[in-house]
Amino acid sequence: MNKDIQYLLIQLIKEALKDCGLDHESVEKFYLDLPTDSRFGDLSCNVAMRLAKLAKKSPRDVGLEIICALTKRLEKSELKNYIKEVKVEGAGFINFYLAEIYLYQQLGAVIKHGKEALRVDLGHGKKVLIEFVSANPTGTLSVAHARQAAVGDCLANIFDFLGFAVKREYYLNDEGNQINILGDSVRLRMKESEGEKIEFPENYYQGPYIFDIAREAKDKQIKFEELGDFAANFILDIIRKELDDFGVKFDYWSSQKELRVSGRIEKDLGFLKKNSRLYEQDGALWFKSTEFADDKDRVVIKSDGSYTYLAPDICYHQEKYRRGFQWLINLWGPDHHGYISRLKASVAAFGHNPESLSVVIVQLATIFRDGKIVHMSTRKGQYITLREVLDEVGVDASRFFFVMRRTSSHLDFDLDVAKKQSSENPVFYVQYAYARISSILRQAQVKFGKDTDLSVLKEKEELALIRKILQFSSMLNVVLSTLDPFMVTIYLQELSEAFHKFYDQHRVLGQDEAITKARLALIEGTSLAIATGLELLGVSRPEKM
RNA sequence: GCGCCCAUAGCUCAAUUGGAUAGAGCAUUAGUCUUCGGAACUAAGGGUUGCAGGUUCGAUUCCUGCUGGGCGCACCA
0 MNKDIQYLLI QLIKEALKDC GLDHESVEKF YLDLPTDSRF GDLSCNVAMR
50 LAKLAKKSPR DVGLEIICAL TKRLEKSELK NYIKEVKVEG AGFINFYLAE
100 IYLYQQLGAV IKHGKEALRV DLGHGKKVLI EFVSANPTGT LSVAHARQAA
150 VGDCLANIFD FLGFAVKREY YLNDEGNQIN ILGDSVRLRM KESEGEKIEF
200 PENYYQGPYI FDIAREAKDK QIKFEELGDF AANFILDIIR KELDDFGVKF
250 DYWSSQKELR VSGRIEKDLG FLKKNSRLYE QDGALWFKST EFADDKDRVV
300 IKSDGSYTYL APDICYHQEK YRRGFQWLIN LWGPDHHGYI SRLKASVAAF
350 GHNPESLSVV IVQLATIFRD GKIVHMSTRK GQYITLREVL DEVGVDASRF
400 FFVMRRTSSH LDFDLDVAKK QSSENPVFYV QYAYARISSI LRQAQVKFGK
450 DTDLSVLKEK EELALIRKIL QFSSMLNVVL STLDPFMVTI YLQELSEAFH
500 KFYDQHRVLG QDEAITKARL ALIEGTSLAI ATGLELLGVS RPEKM
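Note that numbering that gives the first Met the number 0 has the first sequence beginning at 0, numbered continuously upward.
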């Protein structure tokens with residue numbers, strides 16, 4: 000629903016409240032939004048229920064009183080012609096029924112301005128950095144990373160669409176313990192290939208790719224001490240290729256090693272020290288994160304003099320602010336949720352609002368094949384990879400499926416369903432609607448214009464379809480406030496359904512010319528909304544299937 | 001032991017962040033096609049929202065206590 004009418008109505012409601020002697024300031028919050036069901040009108044407001052107690056009247060009576068004042072206000076307002084009816088319904092909801100003329104005008108705007116009409120600028124150029132995947136370059140990407148990649152990229156697309164200046168970043172843990180172990184894993188495999196009998200430790204990287212790296216390292220005569228870096232770079236090339244094939248492009252690849260070499264970690268720790276946020280105990284250096292709502296203090300320098308993971312991470316996030324970003328969004332796996340409070344504490348210790356750092360926990364995905372779980376075990380290198388999923392079901396289905404459930408919920412990913420080209424598979428249901436529309440538009444003999452009269456669209460299915468198209472921006476609004484793009488997939492399915500229902504009942508072509516033109520405009524608007532939604536998801540828009 | 005997340009129809013999930021008769025898809029059953037793409041549409045059955053309390057006009061949503069599941073609780077990353 001268009002933001003303007005919502006905004007204007009809220010102003011009117013507030014004025015009406017004043018007229019009634021009701022104090023809207025004392026109401027914590029009330030909403031004016033889409034009702035739970037379309038039979039309750041186009042916009043629904045709960046303010047009467049919120050005020051009932053204060054007014055010592057029943058919600059319905061308060062509602063009637065408000066409507067009385069509101070109707071007078073409406074008469075004098077520019078919205079006069081757009082609101083067909085206002086009613087108190089249910090427990091005391093004030094429901095607004097929009098006039099068809101409003102729907103026609105809005106649809107007309109979509110036809111005229113294209114996807115710009117679906118867009119609302121909410122970002123105003125605010126600089127957002129969204130960091131995701133950031134998998135250690137010690138192995139190829141798993142499905143957990145794949146889901147993060149899909150969700151993160153989609154979120155970034157939406158931020159971009161909503162007028163934020165968004166950048167995508169991948170943070171590289173390119174040194175430290177894991178890289179040392181990686182290098183040593185390669186070294187052992189090299190020795191093994193020379194016929195030496197070796198004992199391969201449990202905690203070493205066992206994946207098959209280690210053998211490939213060992214072979215190449217031998218050919219290129221890489222020195223033992225450089226094996227870690229060599230292997231990491233080798234794997235990083237694979238990861239980049241995988242992400243590229245998945246349609247995810249990062250703006251920045253940020254290196255932990257570079258950060259350490261730059262000396263900025265010492266500087267930031269120095270700043271904390273100067274502000275008495277650090278102290279020594281048991282030979283280690285601790286950060287007083289408890290001063291900023293963490294449940295215990297955290298070590299930043301171990302007693303052996305080396306950094307914990309937190310030290311460079313504190314600095315890394317300060318770097319993000321120093322680079323000018325105003326809102327930091329991190330996508331992490333569920334095993335990192337305990338890490339949120341300490342990182343936020345560090346942000347606060349530098350005087351930033353902890354709210355400017357948002358951490359989205361992306362739950363794991365369970366892959367099913369033949370009705371059975373495909374088990375994952377990183378240690379043995381027997382995990383199902385992003386590559387395998389991509390090869391098996393393709394980019395479109397993968398991206399749609401990984402985003403399809405609430406990000407905070409576990410996701411069951413059925414490879415067999417994702418491969419199916421039937422109604423069981425939601426991505427095909429949506430793409431089919433798009434292809435169907437494309438087909439009709441190809442065959443159309445007449446063309447609609449910007450001045451096409453849309454008011455001939457009076458059928459139930461036509462109006463329902465227009466309403467659904469106009470919900471595009473409020474859907475994105477929900478995504479923005481929840482930082483969860485799964486709503487896009489639901490919206491697209493609902494929109495496609497509304498189209499299929501319309502299509503089933505009414506013909507577009509070969510009707511009275513005025514009707515054909517108007518319906519062509521209607522399906523063009525539908526196509527635009529579907530295309531824009533699919534684009535945000537990173538899913539293709541096939542005109543033929 | 002402490003902390004976080006989850007529990008909704010046979011299955012996979014929603015419920016606009018406290019709103020209206022808890023909704024979709026799949027599966028099941030019964031229907032709709034000579035025309036724009038049937039990869040579609042219509043209808044039916046299916047629920048004590050894990051259990052027990054509490055808060056209020058109103059609870060799937062918030063609070064408390066249980067039960068069952070996942071994950072954290074490092075001078076690992």
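Here a beta-carbon is modelled for each residue, glycine too, at the ideal position from N, C-alpha and C.
{"Item": "Relative to the C-alpha of T531, which residue among A148, G227, M474, D294 is closest?", "Value": "M474"}
{"Item": "In whole angstroms, what is the alpha-carbon distance linking R398 and E193?", "Value": "43 angstroms"}
{"Item": "Mind checking E241: buried by the 16 CB within 10 Å criterion, or exposed?", "Value": "buried"}
{"Item": "Tell me the DSSP secondary structure of V119 in three-state form.", "Value": "coil"}
{"Item": "Which two residues bound the contiguous alpha helix (DSSP H) that contains I328?", "Value": "Element bounds for I328: not the alpha helix (DSSP H) but the beta strand (DSSP E), 326-331."}
{"Item": "Quick check on the DSSP output: the beta strand (DSSP E) that includes C44 runs from which residue to which?", "Value": "42-44"}
{"Item": "Indicate the three-state DSSP secondary structure (helix, strand or coil) for T377 in the structure shown.", "Value": "Residue placement at T377 is flagged as unreliable, the pLDDT there being 46, under the threshold of 50; a coordinate-derived value is accordingly withheld."}
{"Item": "With a 10 Å radius around its C-beta and 16 neighbouring C-beta atoms as the bar for buried, classify A15 as buried or exposed.", "Value": "buried"}
{"Item": "Please look up how many angstroms separate the CB atoms of A497 and F447, rounded, as I've assumed it's under 8 angstroms.", "Value": "With 8 angstroms as the limit, A497 and F447 do not qualify as a contact, their Cβ atoms being about 19 angstroms apart."}
{"Item": "So what does E168 bridge to, in DSSP terms?", "Value": "E130, Y251"}
{"Item": "When DSSP labels each residue in this structure, what does K516 get in the three-state scheme?", "Value": "helix"}
{"Item": "What are the start and end residues of the beta strand (DSSP E) that includes Y204?", "Value": "Neither: Y204 is in no beta strand (DSSP E) and is coded neither H nor E."}
{"Item": "Can you tell me whether T573 is buried or exposed? The criterion is at least 16 other CB atoms within 10 Å of its CB, across all chains shown.", "Value": "With the chain covering 0 to 544 only, the question about residue 573 has no answer from this structure."}
{"Item": "Return the CA-CA distance between W326 and W252, expressed in angstroms with no decimal places.", "Value": "18 angstroms"}
{"Item": "Taking buried to mean at least 16 other C-beta atoms within 10 Å of its own C-beta, is L53 buried or exposed?", "Value": "exposed"}
{"Item": "I need the straight-line Cα distance from F95 to S57, nearest angstrom please.", "Value": "20 angstroms"}
{"Item": "Any contact of the region 457-472 with the region 125-141, i.e. 3+ C-beta pairs under 8 angstroms?", "Value": "no"}
{"Item": "Hey, quick one: how far does the alpha helix (DSSP H) through F471 stretch, first residue to last?", "Value": "471-481"}
{"Item": "Measuring alpha carbon to alpha carbon, tell me which of E224, L181, L462, D236 ends up nearest F210.", "Value": "L181"}
{"Item": "Excluding sequence positions up to five away, which residues of its chain have a Cβ less than 8 angstroms from the Cβ of C153?", "Value": "R398, V402, P484, V487, L535, L536, G537"}
{"Item": "Go through its chain and collect everything with a Cβ distance to S407's Cβ below 7 angstroms, but skip five positions before and after it.", "Value": "I360, Q362"}
{"Item": "Let me know if Q547 comes out buried or exposed under the rule of 16 or more other beta-carbons within 10 Å of its beta-carbon.", "Value": "With the chain covering only 0 through 544, there is no way to say anything about residue 547."}
{"Item": "Skipping 5 residues on each side, what residues in its chain have a beta carbon closer than 8 angstroms to that of G282?", "Value": "S302"}
{"Item": "Compare the C-alpha of V366 against each of C19, G262, I383 and name the closest.", "Value": "In the sequence as displayed, the identity of residue 366 is Ile instead of Val. Considering only alpha carbons, the answer is I383."}
{"Item": "Would you give the residue range spanned by the alpha helix (DSSP H) that E88 belongs to?", "Value": "Note, E88: premise wrong, no alpha helix (DSSP H); beta strand (DSSP E) at 82-88."}
{"Item": "According to DSSP, is F199 helix, strand or coil?", "Value": "coil"}
{"Item": "Going by beta carbon distance, what residues of the same chain come within less than 7 angstroms of R186, once the five residues before and after it are set aside?", "Value": "F223, L226"}
{"Item": "Just to confirm the assignment: which complete alpha helix (DSSP H) runs, minimum length 4, are found wholly within the region 426-473?", "Value": "459-469"}
{"Item": "Put V298 into one of helix, strand or coil per three-state DSSP.", "Value": "strand"}
{"Item": "Are the region 288-300 and the region 309-318 touching by the rule of at least three beta carbon pairs closer than 8 angstroms?", "Value": "yes"}
{"Item": "So does the region 242-262 actually touch the region 142-162, counting three or more Cβ pairs closer than 8 angstroms?", "Value": "yes"}
{"Item": "Confirm, please, whether the CB-CB distance from L106 to L453 is below 7 angstroms.", "Value": "yes"}
{"Item": "Along the chain, where does the alpha helix (DSSP H) containing D152 start, and where does it finish?", "Value": "142-160"}
{"Item": "Candidates S133, G323, S37: which alpha carbon is nearest G332's?", "Value": "S133"}
{"Item": "With distances taken Cα to Cα, identify the nearest neighbour of V477 among A51, A434, R405.", "Value": "R405"}
{"Item": "Within 10 angstroms of its Cβ, does I436 collect 16 or more other Cβ (buried), or is it exposed?", "Value": "buried"}
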